[in-house]
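**Q** The opening position of the sequence shown corresponds to residue 1012 in the numbering used here, with each subsequent residue numbered one higher.
The beta-carbon is built from N, C-alpha and C at its ideal position, and this holds for glycine as well.
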Amino acid sequence: MSPTPLTVEFVTEMLGYAFMRRAFVAGACIAVVAPLVGSFLVHRQLAMIGDTLAHTAFAGVAIGLFLGNLLGGAVSPYLTALVVSVFAALLVELLSEHTDVYNDVSMTIVLAGGFALGTVLISLTSGGIAVSVNQYLFGSLSTLTRDSVRILVGLSAFVVAVVVLTYRKLLYVTFDESAARVAGIDVEWTNRLLVVLTALVVVGAMQMMGVILVAAMLVVPVAAATQLARSFREAVWFAVVAAQVAALSGTTLSYAYGVAAGGTIVLVAIVVYLVAAVAGRVGVRRPA
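Shown next, in the form of structure tokens:
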């Protein structure tokens, strides 16, 4: 599609397509839950967990496609991706809790193992599922179905509800794990909850963003928000706003110029981060 000026006619034409309406709904959902969960991850220096679970989600997709190819039946790659990602999230926590390795080591082990498993399964079919895997690697607006968007909306509502209900525990563990233990909070359970929520966000956003770029939405809007916010709660709100700007602008630019949606959204998010960083340097951040 040739570039079109952002006019009323352009917007009307764009929203006339069902797949674009679905894309905007999906983008808006991702732009809420990704920075919401990502805010806790970034402040706990666990930003890499997004990449880890994205790569294991790729293994889950490969398992689903492999089983579908082997059995000749309909095996949902999203269901297998969700199961594998949640398992990987818990595995990272178990490795950190019960072995001598640090978080970054356990995440690297799980990341490498997940991606390795995915590539082996693809090779076992002589590349037969490689084409199908492509849309999960890079994301696609045109393949967003009504059912997949409904699932994403449901996952998003669940994630937001859980974060709201456990916000104080998550906040306490994020900033002072030792004090949280003294206060009687089950730190291990809270950590597991956070990584499972991350897995849900990664799998939910995977179809639109692609597994390669989905982790960026957990980190970049949060990084932008920290340049301006004066409190954690304010940073969460700023991060959601930054993510909404990136998702909605990126989706519009993707349609207008016929470029990849996931990559465009991430590039816009990085621009938002740079603007926030400059604004923070010149004194836009309000004093506490």
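Please identify the residue among Y1266, P1232 and V1282 whose C-alpha is closest to the C-alpha of A1058.
**A** The count along the sequence shown starts at 1 and reaches residue 1058 at position 47. If we check each option's Cα against that of A1058, P1232 comes out closest.
**Q** Between F1069 and L1166, is the Cβ-Cβ spacing less than 8 Å?
**A** Taking the sequence shown and counting its residues from 1, one reaches residue 1069 at position 58. Taking the sequence shown and counting its residues from 1, one reaches residue 1166 at position 155. No.
**Q** For the alpha helix (DSSP H) containing A1070, name the first residue and the last one.
**A** Numbered from its first residue, the sequence shown carries residue 1070 at position 59. Unbroken alpha helix (DSSP H) run through A1070: M1059 to L1082.
**Q** Could you check whether G1071 and A1092 sit closer than 8 Å to each other, using their CB atoms as the reference points?
**A** Numbered from its first residue, the sequence shown carries residue 1092 at position 81. Numbered from its first residue, the sequence shown carries residue 1071 at position 60. Yes. Within cutoff.
**Q** Pick from V1293, I1276, V1097 and E1245: whose alpha carbon is nearest that of F1051?
**A** Taking the sequence shown and counting its residues from 1, one reaches residue 1051 at position 40. Selected option, being the one with the closest Cα: E1245.
**Q** Assign N1202 to one of two classes, buried (16 or more other C-beta atoms within 10 Å of its C-beta) or exposed (fewer than that).
**A** What you label residue 1202 is simply residue 191 of the sequence shown in a count that begins at 1. Label assigned to N1202: buried.
**Q** Which residue marks the beginning of the alpha helix (DSSP H) containing Q1218, and which one marks its end?
**A** Walking along the sequence shown from the start, residue 1218 turns up at place 207. First-last of the alpha helix (DSSP H) with Q1218: V1198 to M1220.
**Q** Do V1283 and A1235 have their beta-carbon atoms positioned less than 8 Å apart in this structure?
**A** As a first step, residue 1235 is located in the sequence shown; it is residue number 224 there, counting from the start. As a first step, residue 1283 is located in the sequence shown; it is residue number 272 there, counting from the start. A contact, by the Cβ cut-off of 8 Å.
**Q** In the structure shown, what three-state DSSP assignment does I1223 receive?
**A** Against the sequence shown, residue 1223 aligns to sequence position 212. Coil.
**Q** Does DSSP classify Y1028 as helix, strand or coil?
**A** Residue numbering aside, residue 1028 sits at position 17 when the sequence shown is read from its first letter. Note: Y1028 maps to coil in three-state DSSP.
**Q** Using CA coordinates, which residue listed in E1199, S1265, Y1268 and V1247 is at the minimum distance from L1106?
**A** Within the sequence shown, numbered from 1, the residue matching residue 1106 stands at position 95. For L1106, the nearest C-alpha among the options comes from E1199.
**Q** Return helix, strand or coil for T1023, following the three-state DSSP convention.
**A** By one-based count along the sequence shown, residue 1023 stands at place 12. Of the three classes helix, strand and coil, the one that applies to T1023 here is helix, per DSSP.
**Q** Which same chain residues end up closer than 6 Å to Q1146 when comparing Cβ atoms and leaving out the 5 residues on each side of it in sequence?
**A** To locate residue 1146, count along the sequence shown from 1; it is residue 135. Within the same chain, Q1146 has close Cβ partners T1154.
**Q** So the candidates are L1090, M1031, D1197 and G1075; which of them puts its Cα closest to the Cα of L1211?
**A** The residue given as residue 1211 occupies position 200 in the sequence shown. Closest option to L1211, Cα to Cα, is L1090.
**Q** Just curious, the alpha helix (DSSP H) that G1261 is in, first and last residue?
**A** Here residue 1261 corresponds to residue number 250 of the sequence shown, with the count starting at 1. From DSSP, the alpha helix (DSSP H) with G1261 extends over F1243 to Y1268.
**Q** Count the other CB atoms, across all protein chains shown, that sit within 10 Å of the CB of G1027; report buried if there are 16 or more and exposed otherwise.
**A** Numbered from its first residue, the sequence shown carries residue 1027 at position 16. Classification for G1027: exposed.
**Q** Taking the alpha-carbon of V1043 as reference, which of G1291, D1062 and V1164 has the nearest alpha-carbon?
**A** The residue labelled residue 1043 in the question sits at position 32 within the sequence shown. Among G1291, D1062 and V1164, the Cα nearest to that of V1043 is on V1164.
**Q** According to DSSP, is L1096 helix, strand or coil?
**A** Residue 1096 sits at position 85 when you count from the first residue of the sequence shown. The question names Leu, but residue 1096 is Ser in the sequence shown. Three-state result, S1096: helix.
**Q** Span of the alpha helix (DSSP H) holding G1195?
**A** On the sequence shown, residue 1195 is found 184 positions in, with the first residue counted as 1. Premise fails: G1195 is in no alpha helix (DSSP H) and is neither H nor E.
**Q** Are the CB atoms of Q1238 and A1287 within a distance shorter than 8 Å?
**A** The count along the sequence shown starts at 1 and reaches residue 1287 at position 276. The count along the sequence shown starts at 1 and reaches residue 1238 at position 227. Going by C-beta atoms, A1287 is nearer than 8 Å to Q1238.
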